[in-house]
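The next block holds one structure in the form of structure tokens; read it before the comments.
Protein chains in written order, with the numbering used here: chain W, 1 to 652; chain H, 653 to 1304.
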């Protein structure tokens, strides 16, 4: 007769732990947090039979050996959740463990028998055995205390024994010391990458330093551009982001408005990188020296601004790489180098790099050294140009290498491409990401997109950075919507996303476009500009005000704390920004119509503010400095384009 | 200046393969199929830049070394899918691989330049190089042919070179032989477990053999029960399932209707297993010998029935294990053995086994030997009683061990418990599962539950077996709905699920319940019954007819080929069962009202039948033998409880 094999020593487990969340692509990629943020971990956890379960989230710093634990609670349908807080700026590991709660199961059975008035003696002796076993695992103080409790459970007086059994402290101590050798644990542990706070909260101002002077006839220098820094800091920004600052090629240089022939004084596009004066590690001579750049960075830091550099891995035909490493480029059969093209278009001023050329390891190492070079000059934020046109594997590698040297370096992905490619760049290491915000303008588009960004799995790794405009994008709404549109998009960007940015000129409501396109006319990409930064019609006061509120309210320093409210107008948006510390919540209402006033009834989800249905709300609009007293959830609001938003602190 | 490390040799990849589906708990559990079924594999696949991608599903038998490939096609949003068919009854591995389609990318660029009337010479030379490189990888015939094509691409006549470039055969051959050394592959490979066809298609008839005789005064024997087999086979069933056939304990035996005191002639519950004549490997002496059982199995096989045994791992106090292995049970502090209890209820006739006792490995091995014992007697289907009250790890181990000896053994999980526990039992190895079908009675409940079972991830591993009734469950609807209700539930069970079953007496419309409960009065669990199997009011003709249609129509032999149709009555259900061979589709309409007629307009999704909007439909109702001619998608149907369903073959 067949008997079969004996089971292996480790074949027995009682508790199943499955579907741990968050877990990106099976644990291949870490989730992201900053110091002070929480991580809520969920899992399906269940066992056979009727026993109770104890479950915990275990976490530790990667560099530590000891694990910490927080209890998980049952949400329902065998789904459990537990939350821990990130307290240090280092990567953490987390996992889920669960075991049979033998004491809890026993206590539950005892209570049922007690209710049924059945004999308890045998159960109490079983409980005493559990407590005695736990005493062996407890610290000295609790060891003695547990032994006393075990004695009580065996007491001749059943009522005293039962009282000891149901004592809350016994449960609490037993949860710590009962056996866990039957523990099931999700494996392997998952990682949470922890960035510095600026990864989560930043206001960017994009500036062409050559246009920062007082003349459009010649390039301003870094030294001249320093004069703009105090003003930009005064507007409340924290990051000043510069398009490429490197030497610009002469060959096939583009002229004004992207014309094929450059005039003799046309400065060229900063993205046509490299000339005989140097490449990606050099500074354009017209901007100054590397030393001047370092002084610019230092001066910016003094006024509270951090400099972000644009890294665009492509070369003009005059880049030193072309001469020194022609094998790093795509070669035609006749040996010449391929320029970029998208037939019928030809980009003869740009040579793409071949990231999978024979000599790719040397190329990648050189490109890594570009980042490290600028880190050495004091730059810790990089806006990366078109990362989706280079291998994902390159970014995965280069970001990891830079972070090995300085884990605080921030990478912003400028990928306007298909959703899964954008998500993958964020997963593999980019700290922040450009988004579709520029093209999400209606109420429904904004609500759907923000829900996707802040409520789904993306919220665990994809940090949006909402730019109102860029040198490449003057959205249609800004071309036609006048100052109202600029104010609306400013408030939306700055309050829907804790990372946002504007490209200089936005505050002046510049809106002149190439007809039929979302391109700026007289684009700074191809010519030097000079502006009156106090020109009439500017919205500088609103910019300052909004940025000041972002600094004042913690609720605006996070992105995923967003909750849309019902409002019965298709052209108004209302949302709560909840304070993670549960102190100063904000209710924000924005009209989307740039020309006419709009009114509506808003329904505030009072329960999410810890209020009851008939409670009153005190609202203090920080933009208009008005106060309102609302009764109950339904209330009237009216906004017009002069001041198209309420940013209201909510108190009871 | 920092230079940074050189990337590892394997750091470069271009294509990302993510989110492979199906993939159960990260690949821990296999998906399930039977021979002839397809497996559609999906994945997110994308690369950087603008290059085209080639993607395949790779699959092989676990025992083979060579992989087969089927191409994947882009569904949209970077989601790809490919399908292969299972042709042998062995486990398979599958994975997804993708690489840059360099020839396709080149051809796309060539076509764009051609359209833009740009110079092509350099592109054609690049293409020739690609083709020459592929020739080195091609078989002898294609090698020469490819070399000729490479020559043509370098031809002086551009028009001839272009014609060669755009030739379809060149594309087809190049897809096979172009370089794939940049391939990305999902790892590790995933498994599909392949069961024999009965795992997918079976009609079960549950029978207490002791009640199969002509007298309620004494137990029938297996030999007497053989007399019932031809009749049951004639009704069209293929599995005859027997409650436990083992010796029944005397201690604390339950009497009629689950009373605490058994009378001297009460036979006891078959689930109180074990007496001094033996345990789980023995046959109750009143049923006969092991030899008689083997003859019963053989006789059943002759008439086309396969015997399924109930395995209930629990013991009566008289079971030999209690004497020989008291340590396999739960012990009280006084050394006595725990009976089952759920206060205030006590089940003193049942001792649960302690699957995590000190000696668990010996216990598990013994329980494995129980399965193997019955496999040796010719049994290859087991209905497992309450598996969710024993460790999941035990089932995972024991099913794997049985399958190592006979991979064709079928395990039906009788777990009526929370959804994730039921799902886990199916994932870890159970072939089929009891369901909530018995309690899904309204149109919405049925539609939602069937959608969950057939359209979601569960369809990959959870094979429902829809029982209309069991010895434990006489649903409320059958208690009060009369013959109409029995007919309705029969048709629903037999056509919504390719695995279904009835417990004997159903065909006689037996409906007498313990008042206020879903329990049978005079339950066969506690007494011997004797029935007139031709009693007036029986629905045997409909049972035979439905089972015959199940054998005739392949569409009824699969479960996941279900598509609900819109029908404007809340008490009617309409659905298509699509023939996997796309030949004989069925349209099924069922009224849910057991007493009154119902009429409605049904909307048939003609496109899913390969028809156009104004096509006519010929419908042949196989239950009433009527034919209907319908024009267009919207049509009138009327049903009454005498024959509460249409099962209609659809032809054009």
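Here a beta-carbon is modelled for each residue, glycine too, at the ideal position from N, C-alpha and C.
- Between residue 701 (chain H) and residue 389 (chain W), the beta carbon gap of about 5 Å places them in contact (Cβ cut-off 8 Å).
- Nearest neighbour of residue 779 (chain H) by Cα position, chosen from H:1134, H:932 and H:803, turns out to be H:803.
- Assignment of beta-bridge partners to residue 1224 (chain H) by DSSP yields H:1243.
- Chain H places a beta carbon closer than 7 Å to that of residue 13 (chain W), counting this residue as a contact.
- Residue-level contact by beta carbon fails for residue 1061 (chain H) and chain W, as no gap is shorter than 7 Å.
- Bounds of the beta strand (DSSP E) holding residue 648 (chain W) are 645–651.
- Segment contact: the stretch 624–641 of chain W against the stretch 352–365 of chain W, fewer than three CB-CB distances shorter than 8 Å; contact not assigned.
- Non-local C-beta neighbours of residue 1303 (chain H) in its own chain, meaning closer than 7 Å and more than five positions away in sequence, comprise 1270, ordered along the chain.
- With a contact defined as Cβ atoms closer than 8 Å, residue 1178 (chain H) and residue 921 (chain H) qualify at about 6 Å.
- Counting along the chain, the unbroken beta strand (DSSP E) around residue 38 (chain W) starts and ends at 38–47.
- Shown here, residue 796 (chain H) sits in a helix according to DSSP, grouped into three states.
- Inter-residue distance for residue 443 (chain W) and residue 1259 (chain H) is about 35 Å (C-alpha atoms, whole angstroms).
- For residue 292 (chain W), none of the residues of chain H pass the 9 Å Cβ criterion, the least Cβ distance being about 19 Å.
- At a C-beta separation below 8 Å, residue 778 (chain H) has these neighbours in chain W: 332 and 333.
- Looking at the DSSP output, residue 782 (chain H) bridges to nothing.
- Not flagged as an interface residue toward chain W: residue 784 (chain H), since no C-beta distance is shorter than 7 Å.
- In this structure, residue 1149 (chain H) keeps its C-beta atom at 7 Å or more from the C-beta atom of residue 1103 (chain H).
- Interface criterion met: the Cβ of residue 116 (chain W) is under 7 Å from a Cβ in chain H.
- One alpha carbon belongs to residue 144 (chain W), the other to residue 135 (chain W), and they sit about 7 Å apart.
- With a cutoff of 7 Å on beta-carbon distance, residue 361 (chain W) and residue 659 (chain H) are scored as near each other.
- For residue 1070 (chain H), the secondary structure class from DSSP, reduced to helix, strand or coil, is coil.
- The alpha carbon of residue 633 (chain W) has as its nearest neighbour, out of W:645, W:620, W:647 and W:601, the alpha carbon of W:601.
- Among the residues of chain H, those whose CB is under 9 Å from the CB of residue 372 (chain W) are 653, 654, 655 and 656, following chain order.
- Using a CB distance cut-off of 7 Å, residue 369 (chain W) counts as an interface residue toward chain H.
- Runs of beta strand (DSSP E) with 3 or more residues, each lying fully within the stretch 51–116 of chain W, are found at 53–61, 68–71, 73–76, 79–85 and 92–100, listed in chain order.
- When H:657, H:1207 and H:941 are compared, the shortest CA-CA separation from residue 897 (chain H) is found for H:941.
- The three-state reading of DSSP puts residue 1182 (chain H) in coil, since its state is none of H, G, I, E or B.
- In the structure shown, the three-state DSSP call for residue 174 (chain W) is helix.
- Scanning W:187, W:417 and W:297 for the CA closest to the CA of residue 26 (chain W) turns up W:187.
- Residue-level contact check: residue 393 (chain W) touches chain H, since one or more beta carbons of chain H fall below 7 Å from its beta carbon.
- Residue 894 (chain H): member of the beta strand (DSSP E) spanning 891–894, first to last residue.
- Of the candidates W:19, W:338 and W:55, the residue whose Cα lies closest to the Cα of residue 44 (chain W) is W:19.
- From the beta-carbon of residue 764 (chain H), the residues of chain W found nearer than 7 Å are 343.
- When C-alpha distances from residue 1299 (chain H) are compared across H:1235, H:1227, H:1008 and H:1293, the shortest belongs to H:1227.
- Residues of chain W whose Cβ lies closer than 7 Å to the Cβ of residue 1049 (chain H) are, in chain order, 7 and 11.
- For residue 157 (chain W) and residue 123 (chain W), the gap between their C-alpha atoms comes out near 14 Å.
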